[in-house]
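Just so you know, we're using this note's numbering here: the sequence shown kicks off at 5 and counts up by one.
From the three backbone atoms N, C-alpha and C, an ideal C-beta is built for every residue, glycine too.
Quick notes on the structure that follows.
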Amino acid sequence: MSDVQAIADRVEIEALRAEITDAVMMRDYDRVASLFTPEGTLRWPHVDREFVGREEIRAGVERGQGLWEFFVQNVHPGVIRLDGDTAAGRAYIQEFGRMRDGSSHLNYALYHDRYERTPDGWKFSERVYEVRYLDASPLAGSPAPRARMV
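Written out as structure tokens, the structure reads:
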């Protein structure tokens with residue numbers, strides 16, 4: 005693999021990771037599902053959930069997001085290891101928000117990712133969420149009023 009191809013692959017994988025964060029934050033579940041291979045897998049071991057295939061992933065993410073009154077996810081890039089048409093990597097996550105039941109949630113976590121080059125570009129073949137720190141203390145703040153977008 006050429007250095008130029010490796011650079012392009014890394015940029016495309018970073019764009020994929022940014023795209024999924026945006027899709028989750030915007031609650032665009034169809035877009036979330038489209039970022040996985042058709043047989044891709046999303047695992048949330050901390051709540052004993054696994055979703056296989058785009059339909060299950062879409063439904064699982066929509067159900068999960070429906071539990072939140074508000075939700076913020078911040079993602080920090082991690083390592084990417086290329087291996088031809090596949091790659092593995094990690095993304096570092098900080099999430100917080102309040103659930104519809106009134107409970108609060110703050111965590112620091114990692115996504116352990118596997119990526120696959122497809123005719124439509126790089127896609128997730130697997131994402132496994134590992135919570136490293138969880139704080140359920142009530143959040144002191146509240147969501148800001150929704151700004152009108154121009």
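Original post:
If you draw a straight line from the C-alpha of Leu110 to the C-alpha of Met103, how long is it?
Top reply: Indexing the sequence shown from 1 puts residue 110 at position 106. Indexing the sequence shown from 1 puts residue 103 at position 99. Between Leu110 and Met103, the C-alpha separation is close to 11 Å.
Original post:
Between which two residues does the alpha helix (DSSP H) containing Met29 stretch?
Top reply: Position 25 of the sequence shown, counted from the start, is the residue given in the question as residue 29. Per DSSP, Met29 belongs to the alpha helix (DSSP H) from 7-29.
Original post:
How about Leu39 and Ile24: do their beta carbons lie closer than 7 Å?
Top reply: Position 35 of the sequence shown holds residue 39. Position 20 of the sequence shown holds residue 24. Closer than 7 Å, so yes.
Original post:
Glu54 and Thr41 look like a contact to me (Cβ under 8 Å); what is the Cβ gap, rounded to whole Å?
Top reply: Position 50 of the sequence shown, counting from 1, holds the residue named residue 54. Position 37 of the sequence shown, counting from 1, holds the residue named residue 41. 15 Å between Cβ atoms; not a contact.
Subject >> Nonlocal neighbours in the same chain, by C-beta distance under 8 Å from Ala95, ignoring five residues either side >> reply: Position 91 of the sequence shown holds residue 95. Arg21, Val79, His80, Pro81, Gly82, Leu114, Tyr115, Asp117, listed in sequence order.
Original post:
To which residues of the same chain is Ala140 closer than 7 Å at the C-beta, ignoring the five residues directly before and after it?
Top reply: Counting from 1 along the sequence shown, the entry for residue 140 is found at position 136. Taken in chain order, the residues that qualify are Ser107, Ser108, His109.
Original post:
What's the C-alpha gap between Val28 and Val36?
Top reply: Looking up residue 28 in the sequence shown gives position 24. Looking up residue 36 in the sequence shown gives position 32. When rounded, the distance between both Cα atoms is 7 Å.
Original post:
Among Glu60, Gly57, Arg85, Arg62, which residue has its Cα nearest to the Cα of Val15?
Top reply: The residue given as residue 15 occupies position 11 in the sequence shown. Selected option, being the one with the closest Cα: Arg85.
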